[in-house]
Amino acid sequence: MTDVISAVLLDESVEFSLSELCSLCSVTEEIVVEIVAEGIVAPTGRERAQWRFSGVALTRVQRVVRLQHDFGVNLPGAALALDLLEEVERLRRERR
Amino acid sequence: MEFKDYYSIMGVGRDASADEIKRAYRRLARKYHPDVSKEKDAEARFKEVGEAYEVLRDPEKRAAYDALGTQKPGEEFRPPPDWQYEYAGRPDEASEHSDFFEQLFGGLGGRASFRSRGLDTAGQVDVTIEEAFRGTERRLAVQRVSVDERGRPQPATQELTVRIPAGVVDGQRIRVASQGQPGARGGPPGDLFLHVRLLPHRWFRAEGRDIWLDLPITPWEAALGETVRVPTLGGRVDLKVPRGSQTDRQLRLKGRGLPGSPPGDQLVVLKIVTPEPRGAADEALYRQMAAGLAMNPRQSMEGSS
């Protein structure tokens, strides 16, 4: 196959709706609502139907779901781990 | 097919209790979890540990595995002719397994028995700063496991060319839609997520979308203020060095960094390079400066200690 497949930057410029996010992360809407309530990601838009999540938010949701599942921690614990991991990654990048 | 010693993968004895196995798993998961680990082969190790745990945590599977006896890891393995294992199949446990696992615990190996989305896969790409600026293409080999009608996994390696858009930054994740594992029973495929790493450059250093450059200049360019040619990712530009500049002065070339909204800037750090005196004429020039341009750069340090 010689087709070239385009990759999309998962930055602030891409947007996903709640249902897109749910299907990409294989989670229910309720779980995303809890993640938003925990302050892990902040969608734009007031009502759920208008919620839009950035590419950065997608990555955070995927990671927090994995951390929760794989380490058996609750959501606040996974959120804390995620914050600390991102901090470590930032510091490592700065040190290079 | 290679025999897998799940006990040694977990670092526990064959008589380990369920609690010991759980503790070992938690410890190894923290060490090798791809989200947490900085080990090089973290992902492969994490899968291996996950598979070992999946067998050893389940008393039924563990008993079946123990009945195989011991073999050296890596040894050629065939299941005994009387091997029978009926796997109940928990659809939430869809994950990738070794051939060894698949052979023993069924082709379904926890793979969903109903329509479901394929697993996401992950990879890493290293790009140069120039490639990040312009965008680039990468040929990648991806492992795909599809399931045939009889529920047996069919692994295959596929090559694909991925277009990486301009404006990736170090640590950026990019998504290649539908290029993960195929879905089960007609479900949509998963995605391929790539983690981008920027390779170091001779002159340029990226910080997010901003590009830093140390620019060597002469003392007279710094003192008199002169226009100099500066390399940027988009080509050379003219930069006016302000009169009376010192080393470490930062000048900003707006929008000359990595593309994006907003695009990054290029930050130029002036570095004054002093000519080496070669011969009497050069020395005379320096002495002339010493006499005519009297200054003491250490004035602020004097008198204190």
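Those protein sequences? They're chains A and B, same order as listed. The opening position of the first sequence corresponds to residue 1304 in our numbering, with each subsequent residue numbered one higher. The opening position of the second sequence corresponds to residue 1234 in our numbering, with each subsequent residue numbered one higher. Ideal Cβ positions, reconstructed from N, Cα and C, are used throughout, including at glycine. As the structure is a computational prediction, the values presented were derived from the model and not from experiment.
* To do: For residue 1374 of chain A, go through chain B and note every residue whose CB falls closer than 9 Å to its CB, in chain order.
  => Within 9 Å Cβ-Cβ: 1259, 1262, 1263, 1266 and 1269.
* Asked: Would residue 1322 of chain A count as contacting chain B if we go by Cβ distances under 8 Å?
  -> False, the Cβ-Cβ gap to chain B never drops below 8 Å.
* Using the C-alpha atoms, what's the distance from residue 1356 of chain A back to residue 1308 of chain A? -> Distance from the CA of residue 1308 of chain A to the CA of residue 1356 of chain A, rounded to the nearest whole angstrom, comes to 23 Å.
* **Rounded separation between residue 1275 of chain B and residue 1444 of chain B - CA only** => The C-alpha of residue 1444 of chain B is placed about 31 Å away from the C-alpha of residue 1275 of chain B.
* chain E contacts made by the region 1344-1364 of chain A, where a contact means CB separation under 9 Å -> No chain E appears in this structure, whose protein chains are A and B.
* To do: Could you spell out where the beta strand (DSSP E) holding residue 1266 of chain B opens and where it closes?
  => Neither: residue 1266 of chain B is in no beta strand (DSSP E) and is coded neither H nor E.
* Asked: Which residues mark the beginning and the end of the beta strand (DSSP E) in which residue 1386 of chain B is found?
  -> Start and end: 1386-1397.
* **Exposure label - residue 1506 of chain B; buried when at least 16 CB within 10 Å** => Label assigned to residue 1506 of chain B: exposed.
* To do: Answer with yes or no whether the minimum CB distance from residue 1412 of chain B to chain A is below 8 Å.
  => Interface flag for residue 1412 of chain B against chain A is set, since a Cβ pair is found closer than 8 Å.
* Buried/exposed call for residue 1323 of chain B, threshold 16 Cβ in 10 Å -> Note that residue 1323 of chain B scores 43 on pLDDT, short of 50, meaning its location in the model is unreliable and no value can be drawn from it.
* Given a limit of 9 Å on CB to CB distance, which residues of the region 1474-1497 of chain B reach chain A? -> Here the close residues are 1493 and 1494.
* **residue 1374 of chain A versus residue 1263 of chain B - alpha carbon distance** => If you take the alpha carbons of residue 1374 of chain A and residue 1263 of chain B, they lie about 8 Å apart.
* Are there three or more Cβ pairs, one per stretch, closer than 8 Å when the region 1513-1524 of chain B is compared with the region 1473-1493 of chain B? -> The region 1513-1524 of chain B and the region 1473-1493 of chain B do not touch, with fewer than 3 CB-CB distances between them shorter than 8 Å.
* Sequence-distant residues of its chain with Cβ nearer than 8 Å to residue 1337 of chain A (five each side left out) -> Cβ contact annotation for residue 1337 of chain A (same chain, cutoff 8 Å, sequence separation greater than five): 1378, in chain order.
* To do: Measure the C-alpha to C-alpha separation of residue 1390 of chain B and residue 1381 of chain A and round it to an integer number of angstroms.
  => If I take the Cα positions, the gap works out to 34 Å.
* To do: Just grab the DSSP bridge partners of residue 1471 of chain B for me.
  => According to DSSP, which records beta bridges pairwise, residue 1471 of chain B is partnered with B/1462.
* **Within chain A, the residues that residue 1397 of chain B reaches when beta carbons sit closer than 7 Å** => What residue 1397 of chain B touches in chain A: 1310.
* Asked: If you check the beta carbons only, do residue 1402 of chain B and residue 1439 of chain B fall under 8 Å apart?
  -> It is a contact, given that the beta carbons lie within the stated cut-off.
* Report the partner residues of residue 1417 of chain B according to the DSSP bridge assignment. => Its beta-bridge partners are B/1349.
* Tell whether a beta-carbon distance below 8 Å holds between residue 1557 of chain B and residue 1310 of chain A. => As displayed, chain B neither begins before 1234 nor continues past 1538, which places residue 1557 of chain B out of reach and without an answer.
* Below 8 Å on the Cβ atoms is my guess for residue 1500 of chain B versus residue 1485 of chain B; work out the distance and round it to an integer in Å. => Confirmed, about 6 Å.
* Asked: If you draw a straight line from the alpha carbon of residue 1396 of chain A to that of residue 1528 of chain B, how long is it in whole angstroms?
  -> Looking at the two C-alpha atoms, the distance is approximately 40 Å.
* Asked: Taking 8 Å as the CB-CB limit, is residue 1288 of chain A close to chain B?
  -> There is no way to answer for residue 1288 of chain A, as the model of chain A reaches only from 1304 to 1399.
* To do: Could you tell me whether the Cβ of residue 1597 of chain B comes closer than 8 Å to any Cβ of chain A?
  => Look at the range of chain B in this structure, 1234 to 1538, and you will see that residue 1597 of chain B is not part of it.
* Taking C-beta to C-beta, are residue 1313 of chain A and residue 1348 of chain A nearer than 8 Å? -> Contact flag unset, no.
* Rounded to the nearest angstrom, how far is the Cβ of residue 1375 of chain B from that of residue 1412 of chain B, given a contact under 8 Å? -> Cβ atoms of residue 1375 of chain B and residue 1412 of chain B come within 8 Å of each other, at about 7 Å.
* Asked: In whole angstroms, what separates the C-alpha of residue 1240 of chain B from that of residue 1294 of chain B?
  -> In a straight line, the C-alpha of residue 1240 of chain B is about 13 Å away from that of residue 1294 of chain B.
* If we count the other Cβ atoms within 10 Å of its Cβ and call it buried at 16 or more, is residue 1384 of chain A buried or exposed? -> Counting Cβ neighbours within 10 Å, residue 1384 of chain A comes out buried, since at least 16 surround it.
* To do: Compare the beta carbon distance of residue 1359 of chain B and residue 1430 of chain B with 8 Å and say whether it is the shorter of the two.
  => In this structure, residue 1430 of chain B lies closer than 8 Å to residue 1359 of chain B by Cβ.
* Report yes or no: is there a C-beta of chain A within less than 8 Å of the C-beta of residue 1291 of chain B? => It does not; no Cβ of chain A falls within 8 Å.
* Contacts around residue 1321 of chain A, its chain only, beta-carbon distance under 8 Å, and the 5 residues preceding and following it disregarded -> Contacts found: 1332, 1335, 1346, 1351, 1352, 1354 and 1356.
* **Nearest candidate by alpha-carbon position, reference residue 1357 of chain B, set B/1405, B/1335, B/1469 and B/1458** => Of all alpha-carbon atoms in B/1405, B/1335, B/1469 and B/1458, the one lying nearest the alpha-carbon of residue 1357 of chain B is that of B/1405.
* Asked: Can you list the residues of chain A that residue 1370 of chain B reaches, using a CB-CB cut of under 7 Å?
  -> Chain order gives the chain A residues near residue 1370 of chain B as 1307, where near means a beta carbon separation below 7 Å.
* So, helix, strand or coil for residue 1449 of chain B, using DSSP? -> Strand at residue 1449 of chain B.
* To do: Using the Cα positions of residue 1409 of chain B and residue 1426 of chain B, report the straight-line distance between them to the nearest angstrom.
  => Their Cα atoms are separated by approximately 6 Å.
* Asked: Using a beta-carbon distance below 8 Å, is residue 1329 of chain A in contact with chain B?
  -> At least one chain B Cβ lies under 8 Å of residue 1329 of chain A.
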